[in-house]
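Undergrad: I am attaching a structure below and will ask some questions about it afterwards.
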Amino acid sequence: MASAAPAGIPASVVERLQAAAGAGGWIADPERITPYLIDQRKRYRGRTPLVLLPDTTAKVAAIVKACAETRTPLVPQGGNTGLVGGATPSERGDAVVVNLGRMNRIRALDTAAATVTAEAGCILASVQKAADDAGLLFPLSLGAEGSCQIGGNLATNAGGLQVLRYGSARALTLGLEVVLADGRVWDGLRGLYKDNTGYDLKQLFVGAEGTLGIITAAVLRLFPRPAQRVTALAAVADVDAAQTVLATMRAASGDRMNACEIMSERALGFAVKHAAKGAAPFAANHPWTLLLEFEAGAGDELRSVIENALGGLIDAGHVRDAVVAASTAQAQTMWHLRESIPGAQGREGGSIKHDIAVPQARMAEFVRSAEAAVTRALPGVRVCAFGHLGDGNLHYNLSQPVGMDEALFLAEWDRLARIVHDLTVAMGGSISAEHGIGQMKRDELVRIKPPVEIEMMRAVKRALDPDGIMNPGKVL
């Protein structure tokens, strides 16, 4: 079936939107537009005649109002680091892109209340630095933190490396400023930890991927900056042993564990080969390795607690080998291995990626069952599993069999994804733990979610975006 010709956008509408964005607030040159049309993984490429770059909430509101009155679809975009095509316009060319990168101001930082008010275009690392400069901590941390933006982090309910202790983006959000689908501005920038006055409206927009409105600013929670940090690697035989280590170390450290990452032998091997120039953390290879991190205040005997607990696990046979970082540089090397896995996997050819979550009690069962299932479906496929064991989020990625054509392997994406997703759902899990739905998982969402949940989501969409102009084709 032939694809529909681009619907385009009338010149009069383009001119009105350019005026709303103001001087320097738009791009119409096709060559300059190109980077805004391709997703991070280069799986999706869209079209648009116009990218809008507003630098104030008032300009965003004027743009959205013009889109609403002319029924012009729009695609909100932050740092364009998403992994599910959620910020990429369609190929029809009938939508404008609204990039929030120029809205990058820290509006306020309240040390007494431990909050920061940041505009949507603020780079995550900039918010982290602002908190650090004030002697506080903004704990949201992920691999793209040098380029991803707060608005996108909230729109996708980003998770990252410290969810175990601090929660995802949703848990860090106290208030929002949102431009609604008709151009009105909802000022919900209340930095209250307690507000029981009806529906918690901000949570409708966190994780909605710009399909209900455009987040333009947020009040975010800050925390005391830890005085000390202990980082360790622990090698284990299987995921059952990894679960034992997680439970034991949490019990020993109390609320001081902030990360528990897991890396399969293949995932760590890829990182060692391509990112660490062969410098492996242990003398021998092990089926699984855990990266553990703990934080505490001054005077806390944290290091001795961690060393003693790991020693006990070694004596009991649950841990095969372990190393506790002796310096900040050594800790950074450990984290570099973990954070290098996605890029290192790319050096091994095509990869099919799954961002799933399963209940902790069934993680080991999932790993065993999933490997058997995907290997039956495609003999020779290389499972590259890693992720956030502490919160049950596993990046269950698959690398192409050695010698297989990359294009032929990637053509298996939907078939293998269905196998992984069906098993995930059967075990009470989620097909998207932290990356969102976007357009990549939109059809899968409808397939696996109960009809009543889909209808509830559609009802919210109809109520807040009755004309369907906000990020069409994403999520629903």
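In the numbering used here, the protein residues as written are 798 to 1273. For glycine and all other residues, C-beta sits at the position ideal for the given N, C-alpha and C.
Verify whether the separation of the beta carbon atoms of residue 1006 and residue 1246 is less than 9 Å.
TA: Not a contact, by the Cβ cut-off of 9 Å.
Undergrad: When we look at the beta-carbon of residue 1209 and count the other beta-carbons within 10 Å, is it buried (16 or more) or exposed?
TA: Flag for residue 1209 reads buried.
Undergrad: State the DSSP-derived secondary structure class of residue 1181, mapped to helix, strand or coil.
TA: DSSP places residue 1181 in strand when its eight states are reduced to three.
Undergrad: Ordered along the chain, which non-local residues of its own chain (more than five positions away) have a Cβ less than 6 Å from that of residue 1137?
TA: For residue 1137, where only same-chain residues beyond five positions count, the Cβ hits under 6 Å are 1068, 1072.
Undergrad: Compute the Euclidean distance between the alpha carbons of residue 909 and residue 1002, then round it to the nearest angstrom.
TA: So the alpha carbons of these two residues sit roughly 27 Å apart.
Undergrad: Who does residue 1025 pair with in a DSSP beta bridge?
TA: Partner(s): 1093.
Undergrad: Let me check one thing: in DSSP terms, what residues is residue 974 bridge-paired to?
TA: Its beta-bridge partners are 984, 1014.
Undergrad: With DSSP collapsed to three states, give me the class of residue 904.
TA: Strand at residue 904.
Undergrad: Measuring alpha carbon to alpha carbon, tell me which residue in 1180, 1187, 865, 1146 is nearest residue 1156.
TA: When each option's Cα is compared against that of residue 1156, the closest is 1187.
Undergrad: Please go through the same chain and pick out, in chain order, the residues whose beta-carbon is closer than 8 Å to the beta-carbon of residue 800, but skip the five residues on each side of it.
TA: Caution applies to residue 800, whose pLDDT of 33 falls short of 50 and renders its modelled position unreliable; the value that the coordinates give is listed next. Here the set comprises 888.
Undergrad: Who does residue 864 pair with in a DSSP beta bridge?
TA: DSSP, once it has assigned bridges, lists no residue as partnering residue 864.
Undergrad: Using alpha carbons as the reference points, say which of 808, 1026, 867 lies closest to residue 1127.
TA: That would be 1026, whose Cα lies nearest to the Cα of residue 1127.
Undergrad: Give me the Cβ distance between residue 869 and residue 810, rounded to the nearest whole Å; I'm assuming they're in contact under 8 Å.
TA: With 8 Å as the limit, residue 869 and residue 810 qualify as a contact, their Cβ atoms being about 6 Å apart.
Undergrad: Bridge partners of residue 1153, per DSSP?
TA: Beta-bridge pairing links residue 1153 to 1191.
Undergrad: Within the chosen definition, does the segment 1213-1222 reach the segment 1252-1263 through at least 3 CB pairs nearer than 8 Å?
TA: Contact between the segment 1213-1222 and the segment 1252-1263 is absent, because fewer than three Cβ pairs lie under 8 Å.
Undergrad: Is residue 871 near residue 861, with beta carbons less than 9 Å apart?
TA: Cβ distance < 9 Å, so residue 871 and residue 861 count as in contact.
Undergrad: By a C-beta neighbour count over all protein chains shown, 10 Å radius and 16 as the cutoff for buried, is residue 1312 buried or exposed?
TA: Summary: the structure shown does not reach residue 1312, with the chain confined to residues 798 through 1273, and so no result is reported for it.
Undergrad: Apart from the five residues just before and just after residue 1242, which ones in its own chain have a Cβ nearer than 6 Å to its Cβ?
TA: Excluding positions up to five away in sequence, the list reads 1234.
Undergrad: Just confirm the distance between the C-beta atoms of residue 957 and residue 937, as a whole number of angstroms; I'd bet it's less than 8 Å.
TA: Rounded, the Cβ-Cβ distance is 6 Å, consistent with contact.
Undergrad: Cβ of residue 1222 within 9 Å of Cβ of residue 1195?
TA: Result no, Cβ atoms of residue 1222 and residue 1195 do not sit closer than 9 Å.
Undergrad: Could you tell me if residue 1115 is buried or exposed, where buried requires 16 or more neighbouring beta carbons within 10 angstroms of its beta carbon?
TA: Burial call: buried.
Undergrad: Which first and last residues belong to the beta strand (DSSP E) in which residue 894 is found?
TA: 893-896 is the extent of the beta strand (DSSP E) around residue 894.
Undergrad: Are residue 946 and residue 917 closer than 9 Å when you measure CB to CB?
TA: Contact flag set, yes.
Undergrad: For my contact list, residue 1018 and residue 1181 are in at a C-beta cut-off of 8 Å; report their separation, rounded to the angstrom.
TA: With a Cβ gap of about 34 Å, residue 1018 and residue 1181 do not count as contacting.
Undergrad: I need the straight-line Cα distance from residue 1106 to residue 1158, nearest angstrom please.
TA: Distance between the alpha carbons of residue 1106 and residue 1158 is about 22 Å.
Undergrad: In this structure, how does DSSP classify residue 1118 when only helix, strand and coil are distinguished?
TA: Reduced to three states, the DSSP call for residue 1118 is strand.
Undergrad: Alpha carbon to alpha carbon, how far is residue 931 from residue 1259? Give it in angstroms, no decimals.
TA: Roughly 42 Å between the two C-alpha positions.
Undergrad: If you draw a straight line from the C-alpha of residue 1226 to the C-alpha of residue 1152, how long is it?
TA: Approximately 11 Å, taken between the alpha carbons.
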